[in-house]
Amino acid sequence: REQGLHSWATRFGEGGAFAGARALHLATIGLLIAAGVGLHVGWLYWVGVVCVAGLLLYEHTLVRPGDLRRLDAAFFTMNGVISVAFFVFVLADVL
Numbered sequence: 028r029e030q031g032l033h034s035w036a037t038r039f040g041e042g043g044a045f046a047g048a049r050a051l052h053l054a055t056i057g058l059l060i061a062a063g064v065g066l067h068v069g070w071l072y073w074v075g076v077v078c079v080a081g082l083l084l085y086e087h088t089l090v091r092p093g094d095l096r097r098l099d100a101a102f103f104t105m106n107g108v109i110s111v112a113f114f115v116f117v118l119a120d121v122l
């Protein structure tokens with residue numbers, strides 16, 4: 028706050044930031060499902076959605092409020108893995 032930051036963690040605390048991340052990740056899965064239903068995708072897309080859900084769940088096991096030692100692995104590494112994995116499944120489904 029002294030630095031003029033307006034992040035969720037600053038406003039709602041660590042616990043609130045974690046709850047917000049969980050809610051947004053659940054919304055992501057819901058939107059991926061809605062997109063898949065609306066676009067009538069194939070089975071590889073659905074495998075990708077399941078992988079994304081599993082990887083997001085794993086991401087939430089890496090860090091806890093009060094223990095941010097693995098934050099880089101959880102945020103940067105896992106989000107990169109999730110992005111590439113989902114891209115590969117979507118590409119394979121389209122081809």
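Per the working numbering, residue 28 is the first one in the sequence shown, and the count goes up by one each step. Glycine residues also receive a C-beta, built at the ideal position from the N, C-alpha and C atoms.
> Any idea what DSSP makes of R91, helix, strand or coil?
Replying inline: strand
> Does the Cβ of G57 lie closer than 7 Å to at least one heavy atom of the ligand FAD?
Replying inline: The ligand FAD is absent from the structure shown, which contains no ligands of any kind.
> Which value, in whole angstroms, describes the spacing of the CA atoms of G81 and G43?
Replying inline: 22 Å
> What distance in whole Å lies between the Cβ atoms of I109 and V79, which are believed to be in contact at a cut-off of 8 Å?
Replying inline: 6 Å
> Does the beta-carbon distance from Y72 to V117 come in below 8 Å?
Replying inline: yes
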